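2 protein chains.
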Amino acid sequence: MSFFKVSYQSKKSKARLGTITTNHGKVATPAYIAVGTKATVKGLSPKELKDLGVKIFFVNTYHVFLQPGDSLIKKLGGLHAFCGWKGPLITDSGGFQVFSLGKEKYTSKDNSAQSFREGGKLTKISNQGVLFRSYWDGKEHFFSPEKSISIQHNLGADLIVAFDDCTPYPVTRAKAEISLARTHRWAQELLLAHQRLSRRARYPQYLYGVVQGSYFKDLREKSAEFISSLPFDGIAIGGVSVGEPKKKMRQAVSWVMPYLPDDKPRHLLGVGEPDDIFDFVEMGIDTMDCVLPTRFGRMGKAIVKGKGWFIDLLKAKYQKDASPIDPECGCEACQNFSKAYLHHLFKTHELLGYRLATLHNMYYIMDLMAKIREAIRNEGLKELRKEYGF
Amino acid sequence: MSFFKVSYQSKKSKARLGTITTNHGKVATPAYIAVGTKATVKGLSPKELKDLGVKIFFVNTYHVFLQPGDSLIKKLGGLHAFCGWKGPLITDSGGFQVFSLGKEKYTSKDNSAQSFREGGKLTKISNQGVLFRSYWDGKEHFFSPEKSISIQHNLGADLIVAFDDCTPYPVTRAKAEISLARTHRWAQELLLAHQRLSRRARYPQYLYGVVQGSYFKDLREKSAEFISSLPFDGIAIGGVSVGEPKKKMRQAVSWVMPYLPDDKPRHLLGVGEPDDIFDFVEMGIDTMDCVLPTRFGRMGKAIVKGKGWFIDLLKAKYQKDASPIDPECGCEACQNFSKAYLHHLFKTHELLGYRLATLHNMYYIMDLMAKIREAIRNEGLKELRKEYGF
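In the order they appear, the protein sequences are chains A and B. Just so we're aligned: 76 in this note's numbering is position 71 of the first sequence, and the numbers increase by one with no gaps anywhere. Just so we're aligned: 117 in this note's numbering is position 112 of the second sequence, and the numbers increase by one with no gaps anywhere.
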């Protein structure tokens, strides 16, 4: 069985249907990857995820490296055994968190040394890797491309991601060039580490290279071409959803797409609002991941059809509203509870509220993805977009 | 169908089997009543409760009166419709919360006026009722026996409870006498209000009288006799689990039991640690309620067999423990997750942790109650006690 197979290419757009096959199960694409930062999708149990049609979720290497640690997880049988999830899993490289959680603490404007960026207190970057201080306990750690791959091998997710230098937005051309060179250099280093570690693996872990290049067309193209030329199993697009306008994000992805090989799955990192889903599926993205359904769920924001695409359950107008979030929705929350009850649960900070809204949001997204796959097959994606108001 | 029927009286103890029949379903007794303070059993969904074998839960009138309000709940179809629970429900009178949430703020030692106790800032009590300030929004409210019954009719639970004057522990003989007289006076007043309101009810609400009398034998006896003489559907024992030693609690209940009619169900208010369950079932208690499974669940305390009867999942020794809470337990938590994973969830404050520990605790208690009912039938309660380490 090959890792990835395209089963249908739409004639009306770049959208396509495919299957990712791993040792822990299959994922029909286009797919939305739920986020389970600390080895749990916030608010939902593995059984619920399965019932909701979630096939795969994302665990953040940075967070589980710090707590409880990759060595402990390995000792306990790997991520799947640790978190009680029998399906496919993906881990990221830790790079995005190392950079983004360090970024806020950047204090100095000293750009003199090429080997250190911003003189940040939490993060110091060199060609060898990144020195950072744990948000969890203040201890210092060093992530190199090899170290990230080695941690991801300890964790044992089915899909793993290359350690890259993720530039902030906006960034100067000069810095973007230095950063990209580093990402490309690291890509080669970590591929060697991955090949070496894979010899001992009990099952294949499929490695995604990451395309960077910030918002410079030629850098994005160069990166897409270079990363595609390396023996990665899949291609991820990084450095998006970092504070740039949505239009720019679409532009950056459009620059990259023509250079990506058709036979490798394409993942868009950290993106997934309803309008994004439609746009990027049409551009040929196979998978994307986003905290949206869970984070919005915990905030009392329920995703609904239409341009505004969510309602805030905490608003006073829902206090007496006997109707569910969406009378046509088949989720547990909409089948059993009124907006008035959900409003009450959020107002009183009851655990059930976070969970029901998360459950609804995840149901909505999974249902939407199933409809999108069906629409691609029937060449009716445009009509589905319209139905959803995008 | 009669409201309550005793189907078996043990020959070895006062323990008995029975059935409470309501418009929303039956409850086999002895039963443990889960607590859902604000119209949700913290951390669990109605579907989960049902799957766990929970037949009935307790909603606190005081809390839902303040938020979202009994009028709104009535407008939305009553408590059952509001919280999506199709089974039986019980509400308390609000009295215990009015007194206990007010107690902490008692500042003055002035006992001169009989009509006001302790000069508390949050609570002022008279023969007419209790004036109190909402912990929720600071507004002033007045609860009288009639008001409490009228709120409980708005809420529409299947079982409701008389508004009583719940004495703190310890209390002087003089105060206990005044308080008891008030409880008895109120019992008569609220029975009339209940009878009047019941004429308009869509289904019967069964009213429990409350025995008080603090820790004075003759007052307890007098109260048991008096409350039993009134046309209540059931008898609740109040004023226990208010800070007194466990031995005293058992003594107070033992004073009361001989005076209670055999044909009415007996509820013990706010009690339910594993050793309590055995002791009070043997004394002839039919139902009891306690926040233990849910509160302990949120604290990371998992109930286990044996004298210590719980483990603290946050302890360092569970960090690397690959075994479940109880390898013999059939709950979702024990069937799927290690103590190491639960430890990680609690350490990182993940929602799933609170839920899994609560789920385990509720499973434990429901399983124990089923075993207790079986043991009563087989006259093997003593053996079961031994097996559980009590």
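We treat Cβ as the ideally placed atom computed from N, Cα and C, and that holds for glycine. All values reported here derive from a predicted model rather than from experimental measurement.
Whose C-alpha, out of the options, is nearest the C-alpha of residue i?
i: residue 310 of chain A; options: A:142, A:221 and A:278; result: A:278
i: residue 150 of chain B; options: B:132, B:270 and B:143; result: B:132
i: residue 43 of chain B; options: B:312, B:34, B:72 and B:157; result: B:72
i: residue 24 of chain B; options: B:10, B:36, B:15 and B:16; result: B:10
i: residue 4 of chain A; options: A:376, A:365 and A:379; result: Outside the modelled stretch of chain A, which goes from 6 to 395, sits residue 4 of chain A, for which no answer is possible.
i: residue 52 of chain B; options: A:357, A:138 and A:362; result: A:357
i: residue 40 of chain B; options: B:256, B:145, B:276 and B:142; result: B:276
i: residue 138 of chain A; options: A:68, A:196, A:63 and A:179; result: A:68
i: residue 206 of chain A; options: A:82, A:331, A:50 and A:375; result: A:82
i: residue 194 of chain B; options: B:214, B:140 and B:250; result: B:214
i: residue 321 of chain B; options: B:196, B:378 and B:345; result: B:345
i: residue 20 of chain B; options: B:177, B:314, B:384 and B:247; result: B:384
i: residue 97 of chain A; options: A:355, A:326 and A:273; result: A:273
i: residue 292 of chain A; options: A:185, A:395 and A:34; result: A:34
i: residue 327 of chain A; options: B:28, B:79, B:36 and B:15; result: B:79
At 9 Å on the CB atoms, spell out the chain B contacts of residue i, in chain order.
i: residue 45 of chain A; result: 346, 349, 350, 353, 355, 356, 357 and 358
i: residue 52 of chain A; result: 337 and 341
Among the residues of its own chain, which have a CB less than 7 Å from the CB of residue i, if the five just before and after it don't count?
i: residue 18 of chain B; result: 287 and 386
i: residue 348 of chain B; result: 318, 319, 323 and 324
i: residue 199 of chain A; result: 154 and 212
i: residue 117 of chain B; result: Caution is warranted here: a pLDDT of 31 is assigned to residue 117 of chain B, below 50, making its placement in the model unreliable, and the coordinate value is therefore given only provisionally. Taken in chain order, the list of residues that qualify is empty.
i: residue 141 of chain B; result: 71 and 72
i: residue 336 of chain B; result: 364, 365 and 368
i: residue 114 of chain B; result: Caution is warranted here: a pLDDT of 40 is assigned to residue 114 of chain B, below 50, making its placement in the model unreliable, and the coordinate value is therefore given only provisionally. Taken in chain order, the list of residues that qualify is empty.
Residues of chain A with a CB under 8 Å from the CB of residue i: which are they?
i: residue 327 of chain B; result: 81 and 82
i: residue 324 of chain B; result: 73 and 77
Look up residue i in the DSSP assignment and say whether it is helix, strand or coil.
i: residue 42 of chain B; result: coil
i: residue 91 of chain B; result: coil
i: residue 138 of chain B; result: strand
i: residue 204 of chain B; result: coil
i: residue 67 of chain B; result: helix
i: residue 287 of chain A; result: helix
i: residue 12 of chain A; result: strand
i: residue 293 of chain B; result: strand
i: residue 123 of chain A; result: Caution applies to residue 123 of chain A, whose pLDDT of 42 falls short of 50 and renders its modelled position unreliable; the model cannot decide the point.
i: residue 145 of chain B; result: strand
i: residue 358 of chain B; result: helix
i: residue 116 of chain B; result: Residue placement at residue 116 of chain B is flagged as unreliable, the pLDDT there being 35, under the threshold of 50; the coordinate-derived value follows with that caveat. Residue state, collapsed to three classes: coil.
i: residue 103 of chain B; result: helix
i: residue 30 of chain B; result: strand
i: residue 172 of chain B; result: coil
i: residue 239 of chain B; result: strand
Closer than 7 Å by beta-carbon distance: list the chain A residues that pair up with residue i, in chain order.
i: residue 88 of chain B; result: 346
Whose C-beta lies closer than 6 Å to the C-beta of residue i among residues of the same chain, with five residues either side of it excluded?
i: residue 238 of chain B; result: 8, 211 and 212
i: residue 316 of chain A; result: 307 and 309
i: residue 191 of chain A; result: 150 and 168
i: residue 216 of chain A; result: 228, 229, 232, 242 and 261
i: residue 136 of chain A; result: 129 and 147
i: residue 6 of chain A; result: 26
i: residue 247 of chain B; result: 174
i: residue 75 of chain B; result: 156, 159 and 160
i: residue 254 of chain A; result: 245
What residues from chain B crowd round residue i, counting only those whose CB sits closer than 7 Å?
i: residue 150 of chain A; result: The contacting residues do not exist; residue 150 of chain A stays about 27 Å from chain B at best.
Who are the neighbours of residue i on chain A, taking C-beta pairs under 9 Å?
i: residue 210 of chain B; result: Ordered by position in chain A, no residue passes the 9 Å Cβ test against residue 210 of chain B, which lies about 21 Å from the chain.
i: residue 275 of chain B; result: None at all; the shortest Cβ gap to chain A is about 20 Å.
i: residue 48 of chain B; result: 355, 356, 357 and 360
For residue i, return the contacting residues in chain B, with the cut-off set at a CB-CB distance below 8 Å.
i: residue 313 of chain A; result: Per Cβ cutoff of 8 Å: no residues; residue 313 of chain A is ~25 Å from chain B at best.
Looking only at its chain, what residues have a beta carbon closer than 8 Å to the beta carbon of residue i, apart from the 5 residues adjacent to it on each side?
i: residue 303 of chain B; result: 47, 48, 359, 362 and 363
i: residue 120 of chain B; result: For residue 120 of chain B, the predicted model reports a pLDDT of 29, less than 50, meaning its position is unreliable and no value from the coordinates is stated.
i: residue 269 of chain A; result: 9, 233, 237, 238, 239 and 240
i: residue 382 of chain B; result: 13 and 22
Would you say the beta carbon of residue i is closer than 8 Å to some non-hydrogen atom of the ligand PLP?
i: residue 203 of chain A; result: Of the ligands one can find in the structure shown there are none, so the ligand PLP has no counterpart to examine.
Report yes or no: is there a C-beta of chain E within less than 9 Å of the C-beta of residue i?
i: residue 307 of chain A; result: Checking the listed chains, one finds no chain E in this structure; the protein chains it contains are A and B.
Taking a Cβ distance cut-off of 8 Å, strictly less, list which residues of the stretch 240-257 of chain B are near chain A, in chain order. none
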